[in-house]
Structures are given as C-alpha cells and as structure tokens.
Amino acid sequence: MDDIFDIFQYSDELAPIREVTNLGLSDLTFQGLLPGGGLKVHEDGGASGCGGKLWPAGELLSKYLLENGLNGKKKIVELGSGTGLVGLAVALKETEVNQNKDLEIWVTDQECLIPLILKNTELNNLSEYVHPIVLNWGEELPEIVKSANIDLVLAADCVYLETAFPLLKRTLLDLAGDGVQILMSYKKRRKADSKFFSAVRKDFEIIEVKNFADYESYLRDGVHLYSLEKR
Ligand SMILES: C[S@@+](CC[C@H](N)C(=O)[O-])C[C@H]1O[C@@H](n2cnc3c(N)ncnc32)[C@H](O)[C@@H]1O
C-alpha cells in the first residue's frame with residue numbers, strides 16, 4: 002500500500018502530479034523533507050466531501066513550506082484543510098526538525114471534515130500544536146482565531162466552487178492585516194476559477210510564487226502558488 006501511494010517519494014519524471022484518490026492510510030515523506038517515517042494521513046476517498054482525499058495543490062503548498070520554512074511565522078490558520086495535510090506536514094517538520102515549539106496551527110474546515118482532521122492530528126501526535134476547528138468561510142471568525150494574532154494564512158485548492166468565492170473572499174479579508182501573509186495554492190480546472198482572483202484583485206495584490214524546485218512541473222499541470230497581500 003505505502004509504496005503505491007507514497008507518491009511524494011518519487012521524482013517528477015516517474016510520477017507526474019495527479020489527482021489522487023486513495024482510501025486508508027498513507028505515509029508521506031515528501032522526498033525526505035519530513036523526518037522519520039513521514040506524515041501519516043488517513044483519507045476517506047471523499048466520503049466526507051472533496052476534502053477527504055489528497056490534492057496536488059495541497060502537495061505543492063506542503064512542499065513549498067517544507068522547503069522554504071515559515072520565515073518566523075508562528076500562528077497559522079489553514080482554510081479548507083481537508084485531511085489536514087498541509088498544516089500537519091508543516092507542524093511535523095517545524096516541531097520535530099526545527100524545534101519550533103511556539104508554533105500553533107488552526108487547521109480548519111467545515112464540520113463534516115473535523116473528525117478526519119482530528120484523526121490525522123492524533124495519528125501524528127501533533128495535538129499539542131495543531132488545533133482542528135470549524136471555520137465556515139463567510140461566517141464570523143472563531144473567537145480563538147480572532148485573538149490568536151495570526152501571521153500566516155494557508156489555503157490549498159480552495160478555489161473551485163464559484164458559489165463559495167464571495168465567502169472565501171470575506172474570510173480572507175477578515176484574516177488579512179499588517180504582517181499577515183496569505184499563501185494560496187490553486188489548480189486551474191475551469192475558466193470560471195480565475196474569476197476568484199479577478200474578484201479579490203481590488204483588495205489584494207496577488208503575486209505568483211515561482212521560486213521553488215518543482216515550479217515548472219506543477220505549472221504544466223495547472224497548479225499555481227500565489228501570495229496575497231492586502232492593499
Ligand atoms: C479541494 S478540497 C482541498 C482540501 C485540502 N486543502 C487539500 O489540498 O488537500 C477543498 C476544501 O475546502 C473546504 N470548503 C469548501 N467550502 C467551504 C466553506 N464554505 N467553508 C469552509 N471550508 C470549505 C472543503 O470542505 C474541502 O476540504
């Protein structure tokens with residue numbers, strides 16, 4: 002099972018990035034970027050919604066953060082976390098390799114995904130640093146997030162549902178502020194997806210991030226990474 006699904010150990014030539022559907026447990030090392038046996042991620046194959054499996058944009062954002070670090074960011078909220086992949090990968094590397102014990106990550110999604118994120122948090126013994134909580138886009142931010150002095154917002158593959166675009170924009174505006182960095186990875190599937198970025202351009206400067214090892218390879222698959230800064 003592991004050697005079939007540990008896609009992140011392979012080189013890009015051998016394993017082009019693809020939309021993975023898997024059920025059960027995978028051990029992900031991200032080509033040795035994660036310590037020990039890597040991250041354990043349980044997927045439900047999508048039973049609890051599209052967030053219940055792994056997506057290439059989540060892989061990209063995880064790899065980028067594992068390669069480039071957090072630049073001193075310590076209080077992080079991840080939107081639409083799905084399995085929790087990105088936040089958990091970052092927490093594992095930062096707390097075990099970089100001894101960044103001040104780190105706190107609120108790994109958020111809709112109610113139906115929280116049991117899966119909790120399970121994955123416990124599987125990796127990261128409950129001290131990773132807090133799975135409900136955060137519905139467009140609704141008032143949870144009190145704990147409001148008071149946490151968030152300095153990094155992560156969102157992997159959250160731009161895919163046109164009806165949710167205004168909700169996601171509202172949440173990004175609520176979280177944005179001085180010293181808050183927003184990193185969004187995104188897979189372009191439909192023409193309509195780019196409407197989201199047109200809609201937020203008035204409020205945010207959008208910078209495409211290109212300075213990472215597999216940029217060209219992800220680009221070929223329509224997977225991008227953007228940094229958003231509030232105007
Ligand atoms: C394509 S999945 C990406 C999951 C994960 N970030 C990854 O890259 O593997 C999109 C995620 O956004 C979440 N989502 C969609 N609409 C949402 C909303 N209105 N509020 C909060 N989360 C939402 C879904 O539940 C799902 O987990």
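Numbering (the working numbering) for the sequence shown: 2 to 232.
Using N, Cα and C, we set each Cβ at its ideal position, and we do this for glycine too.
Thinking just about the alpha-carbon of each residue, which of the options is nearest to the one in residue i?
i	options	result
V210	R202, D204, D222, L229	L229
F197	Y216, E144, L153, L168	L168
L184	S49, E95, G88, R190	G88
L35	E68, V201, D45, D158	E68
L93	S186, T164, L71	L71
D28	H132, D194, L55	L55
G33	G73, G47, A90, E44	A90
C51	V224, K74, T84, V131	T84
Between residue i and residue j, is the Cβ-Cβ spacing less than 8 Å?
i	j	result
L61	L220	no
L86	V146	no
K76	N150	yes
V135	L173	no
Using a Cβ-based criterion (distance less than 7 Å to any ligand heavy atom), does residue i qualify as near ligand 1?
i	result
S128	no
A165	yes
Y161	yes
V87	yes
N137	yes
With 16 as the cutoff for other CB atoms within 10 Å, does residue i come out buried or exposed?
i	result
E140	exposed
P133	buried
N125	buried
G46	exposed
Any heavy atom of ligand 3 closer than 7 Å to the Cβ of residue i?
i	result
V224	For the structure depicted, ligand 3 is absent and the ligand set comprises only ligand 1.
Query raised in the report: Are the stretch 71-82 and the stretch 107-117 touching by the rule of at least three beta carbon pairs closer than 8 Å?
Result: yes
Query raised in the report: Are three or more beta carbon pairs between the stretch 150-161 and the stretch 184-194 nearer than 8 Å?
Result: yes
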